[in-house]
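Here is the structure we will look at, set down as structure tokens.
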Amino acid sequence: MGMLAELTHRCPLSCPYCSNPLELERAAGELTTEEWLWTIDEAADLGVLQIHFSGGEPTVRRDLERLIARARERDVYSNLITAGVLLDRRRIDALAAAGLEHVQLSLQDSRSASADAIGGYRGGHEKKLAVAGMVRAAGLPLTINAVVHRQNLHRLEELIDLSVALGAERLEVAHVQYYGWAYANRAALMPTRDQLDRATDTVEAARDRLKGILGIDYVVPDYYARRPKACMGGWGRRFVNVTPVGKVLPCHAAESITDMTFEAVRERPLAAIWEDGPAFERFRGTGWMAEPCRSCDRREVDFGGCRCQAFALTGDAAATDPACSLSPRHGHMVALAKSESGADRRDFVYRSMSRREHFGRGSSAVLRPPADGSGSPEK
Ligand code: SF4
Ligand code: FES
């Protein structure tokens, strides 16, 4: 169904919930233009319908237009997932002319001070607002991606209004997933139960009010769920991820499962890796499951939940996702959510961005949440 093409791990932002691996791939190891072009061809031959060009920040790649043009030639729908801060009108027009069909733009918050602090990029929020206008002016449909957590969830209503004002057709309200870098920042990010309940009410009211204007995707965070989500629609069923160096993953966070290895498009054709690669076979279907999933009537509904989360919380990627109340570890997860959502921690641990060298003299700067507390739920 879909391929996430992670063109690069380079990114001018340093969000404390980034799902990219802790060890980032360097620019020198990235697939070349030619390698991405034949990977797109292989994806089209395999039957992939949509390619999501992502990163890191995919617009740092100068060959993005060529890759999008190839997807268009092969009748594959192309979507750009971007932080937006490196874009200008000329580049957006060039991407549209190459055949780009949709843009997903991330917003870190509804207000500049907090948004720039969360993304670690001074001036980023204002730039994003301008870029949203350029995207619409180029005639491209726009989705806003808003990652929500304890330090911005109380401004969800503002985020919804801002998305409407920017002309977005969809808003994805994505709760932080606690693996990768977000795992280190759980105590600063975990929402309270009360915040979550209010956010759910806000979304339901907005969906009614904005019918036909703004579609809102919203999923309850795992730490407060009773049943897990069917992560990736099931491992190795619909989705393939290609990393900057060409590793083929069943999910974008799969490298967080440290006892697995992954084949690369430089070694074997994409179709072969998809069909019988050991990483895809390991959790495909239901045969790998132990109890309680093995005999559960939801095993082909949620496929046992998220493998990355199971590994992060239990050390065993084949365990039932602790988000499920039938998991023996569910109580531990509930206790964790309770204690961490009540933690008095607001500072983020930012990823060390030694690779900022790739962006020259950009305005990138590590910030802290506003000292006046405007990033805290009480204000
Ligand atoms: Fe899903 Fe497994 Fe829980 Fe059943 S026991 S609901 S299959 S995670
Ligand atoms: Fe990897 Fe859920 S994020 S399986």
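Residue numbers (the working numbering): 33 to 411. All residues carry an ideal CB built from backbone N, CA and C; glycine is no exception.
heavy atom of the ligand FES below 7 Å from residue i C-beta
i, result
"residue 283", "yes"
"residue 286", "yes"
"residue 316", "no"
"residue 230", "no"
"residue 361", "no"
"residue 339", "yes"
According to DSSP, residues forming a beta bridge with residue i
i, result
"residue 134", "111"
"residue 175", "136 and 202"
"residue 38", "86"
"residue 207", "180"
"residue 281", "273"
"residue 248", "203"
"residue 296", "279"
Proximity to residue i [Cα-Cα], best of the options
i, options, result
"residue 281", "136, 199 and 339", "339"
"residue 301", "77, 319 and 262", "77"
"residue 220", "64, 374, 346 and 110", "374"
"residue 37", "53, 55, 82 and 50", "82"
"residue 195", "180, 175, 342 and 49", "175"
"residue 333", "264, 276 and 99", "264"
"residue 65", "139, 99 and 350", "99"
"residue 243", "157, 192 and 319", "192"
"residue 60", "69, 39 and 108", "39"
"residue 290", "355, 54 and 46", "54"
Residue i, buried or exposed, once every other Cβ within 10 Å from all chains shown has been counted against 16
i, result
"residue 50", "buried"
"residue 88", "buried"
"residue 381", "exposed"
"residue 71", "buried"
"residue 138", "buried"
"residue 236", "exposed"
"residue 364", "exposed"
"residue 171", "exposed"
"residue 360", "exposed"
"residue 251", "exposed"
"residue 132", "buried"
"residue 33", "exposed"
"residue 62", "buried"
"residue 310", "exposed"
"residue 148", "buried"
Any non-hydrogen atom of the ligand SF4 closer than 7 Å to residue i Cβ
i, result
"residue 269", "no"
"residue 259", "yes"
"residue 331", "yes"
"residue 324", "yes"
Any C-beta of chain C under 8 Å from that of residue i
i, result
"residue 252", "Judged by its chain identifiers, the structure shown contains no chain C, having just a single protein chain."
Whether or not the region 119-126 and the region 162-169 are in contact is what I'm after, with contact meaning three or more pairs of Cβ atoms, one per stretch, closer than 8 Å; do they touch?
yes
Taking contact to mean 3 or more Cβ pairs, one atom from each stretch, closer than 8 Å, check whether the region 282-296 and the region 339-348 are in contact.
yes
Contact between the region 101-109 and the region 42-60: three or more CB pairs below 8 Å?
no
Counting Cβ pairs closer than 8 Å, one from the region 321-336 and one from the region 254-274, do we hit at least three?
yes
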